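Numbering (full-length UniProt numbering), first residue to last: 1 to 296. For each residue, glycine too, the CB sits at the ideal point set by N, CA and C. Here the structure is a predicted model, which means the values were calculated and not measured.
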Amino acid sequence: MSLIENERLDSAIKVVRTLREGIGHPRDHGLGDDLKLLKQKGMGNSVCNPDCPALPRDAIEEILYNLPGQQVILVCRLVCTEWKSVVDSTAFWRERCRREGFKPLNTHKVPRDWQEYYFLCKKRRNLLKNPNAEDGFTGWNIIENGGDKWVVENMFSPHPDETVTKCFVTSYLQCIKSQLIDLEKEGYNPAFMDEIQPDIVISDWYAPRWDCGSVYEIRVELLNRKKKTVQFFQPDPVEFPQWNDQQWEQMTYTFKDYGPGVRFIHFKHGGRDTQFWAGHYGIRVTNSSVEICPSA
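In structure tokens form, the structure reads like this:
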């Protein structure tokens, strides 16, 4: 860069810093809040700020790549029409995804909206609390606690994920536990869920004991604001015979195109042994997850 370009870059950085200090750091808005806030600010009528320094487009992009995504949307987009043009461009968000390592699983299918894809990837996480029994039964609601009741044990056979060291264990009568996920509290507001309808990906790991037969069950429901079922996933129970190889197996499912109105996710799983042995010889479960994801 020339001396003049460097001076312009320094000036632009000062503009951004001034803007950031003026509004404070935005809180972690839920997905969808960004659009609402921008409409309130009247960004559609954004005009060039006379104090906004003229910069080459690649210099503007480089500044924006190094700022938090939500500040780029909520603050930098309002600086002037040129900055707005950069933030609104597909190329900007596609490159930002590349730099941060967000890649579509299907390389032949291009995301329909790279900005949407970026924020879904950025926010993606397991919405279930305490999925690996590290904190006992914290976060879980015990629905059925039959036989000698649920317990937590160390792994009896290695899990594919070596960081998983504990599991929940059932007994000789039905043991079922659940969690209710409030999507709005997790940052996914109603407008976003209704308009985007992102994929909801379910995963659960389960395994029997080698010396005792057992049964595994799972049901996951998408609920509306009144907690009425919109869609559900409930495969047939999985039964294991006595004298099996006690390997961990994974149950997965993806909710797609489920329509508007989803506000909660109810995750429920468990099982029992099939030989009514006193103690804890029933199905084991661990490493459960519920994630909001970009479309595969």
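Hey, out of the options, whose CA is closest to residue i's CA?
i: residue 299; options: G261, Q174, W140; result: An answer regarding residue 299 cannot be provided, because it is not within the stretch 1 to 296 covered by the chain.
i: D204; options: S214, K227, T163, F267; result: F267
i: V164; options: V151, V285, V290; result: V285
i: R225; options: L127, I181, N106; result: I181
i: P190; options: L223, Q71, S289, P208; result: L223
i: residue 304; options: F102, F233, R209, I265; result: Not covered by the structure: residue 304. The range shown for the chain is 1 to 296.
i: E62; options: S85, C80, F92; result: F92
i: E116; options: N154, V79, C80, C97; result: C97
i: L173; options: Y281, L67, S85, P158; result: Y281
i: D245; options: S89, A54, S157, W114; result: S157
i: A193; options: T90, I265, Q71, I73; result: Per the sequence presented here, residue 193 reads as Met, with Ala not at that position. Closest by alpha carbon: I265.
i: Y118; options: I73, A54, T254; result: I73
i: A54; options: L67, C80, V75, N66; result: C80
i: C209; options: Q71, D257, M155; result: Here residue 209 is Arg; the residue named in the question, Cys, does not match the sequence. Answer by Cα proximity: M155.
i: D58; options: S85, Q71, F255; result: S85
i: N145; options: S178, S89, G101; result: S178
Is the distance from the Cβ of residue i to the Cβ of residue j below 8 angstroms?
i: A133; j: K166; result: yes
i: K122; j: G187; result: no
i: G259; j: V230; result: yes
i: P294; j: L120; result: yes
i: C175; j: W140; result: no
i: V201; j: E291; result: yes
i: V87; j: R77; result: yes
i: Q242; j: D211; result: yes
i: I283; j: T170; result: yes
i: S288; j: L127; result: no
i: residue 298; j: I60; result: Look at the range of the chain in this structure, 1 to 296, and you will see that residue 298 is not part of it.
When every heavy atom of the ligand ADP is checked, does at least one fall within less than 7 angstroms of the C-beta of residue i?
i: D182; result: The ligand ADP is not part of the structure shown, which contains no ligands of any sort.
Can you tell me whether residue i is buried or exposed? The criterion is at least 16 other CB atoms within 10 Å of its CB, across all chains shown.
i: G42; result: For G42, the predicted structure reports a pLDDT of 38, less than 50, and the residue's modelled location is therefore unreliable. A value from the coordinates is still provided. Burial call: exposed.
i: G147; result: buried
i: R263; result: buried
i: G24; result: Its pLDDT being 43, under 50, G24 is placed unreliably in this model, and the value from its coordinates should be taken loosely. With fewer than 16 other Cβ atoms within 10 Å, it is exposed.
i: G136; result: exposed
i: P56; result: exposed
i: P105; result: The sequence as given places Leu at residue 105; Pro does not occur at that position. Looking at its Cβ environment, which holds fewer than 16 other Cβ atoms inside 10 Å, L105 is exposed.
i: I143; result: exposed
i: A207; result: buried
i: P111; result: buried
i: F168; result: buried
i: K39; result: With a pLDDT of 38 at K39, under the threshold of 50, the predicted position of this residue should be treated as unreliable, though the coordinate-derived value follows. Exposed, since its Cβ has fewer than 16 Cβ neighbours within 10 Å.
i: A278; result: exposed
i: F276; result: exposed
i: R125; result: exposed
i: P131; result: buried
i: K103; result: exposed
i: D113; result: exposed
i: Q250; result: exposed
i: K227; result: exposed
i: D257; result: exposed
Determine, using beta carbons only, whether residue i comes closer than 8 angstroms to chain C.
i: N141; result: No chain C is present in this structure, which holds just one protein chain.
Taking 8 angstroms as the threshold, find out whether the region 207-223 comes into contact with the region 272-283 through three or more Cβ pairs. Pairwise C-beta distances place the region 207-223 in contact with the region 272-283, as three or more of them are shorter than 8 angstroms.
Counting pairs of beta carbons, one from the region 236-247 and one from the region 190-198, are three or more of them closer than 8 angstroms? Touching, no, given that fewer than three Cβ pairs across the two stretches are closer than 8 angstroms.
What residue ranges within the region 88-119 form continuous alpha helix (DSSP H) runs of no fewer than 4 residues, ordered along the chain? Fully enclosed alpha helix (DSSP H) runs of 4 or longer: 90-99.
Run through the region 192-245 for me and flag every whole beta strand (DSSP E) of 3 or more residues, listed as ranges in chain order. The qualifying runs are 199-207, 214-223, 229-233, 238-240.
Going along the chain, which unbroken runs of the beta strand (DSSP E) with 3 or more residues stay wholly within the region 253-285? Fully enclosed beta strand (DSSP E) runs of 3 or longer: 264-273.
At 4 residues or longer, and completely inside the region 114-161: list those alpha helix (DSSP H) runs for me, N to C. If we require 4 residues or more, the alpha helix (DSSP H) runs fully inside the region 114-161 come out as 114-123.
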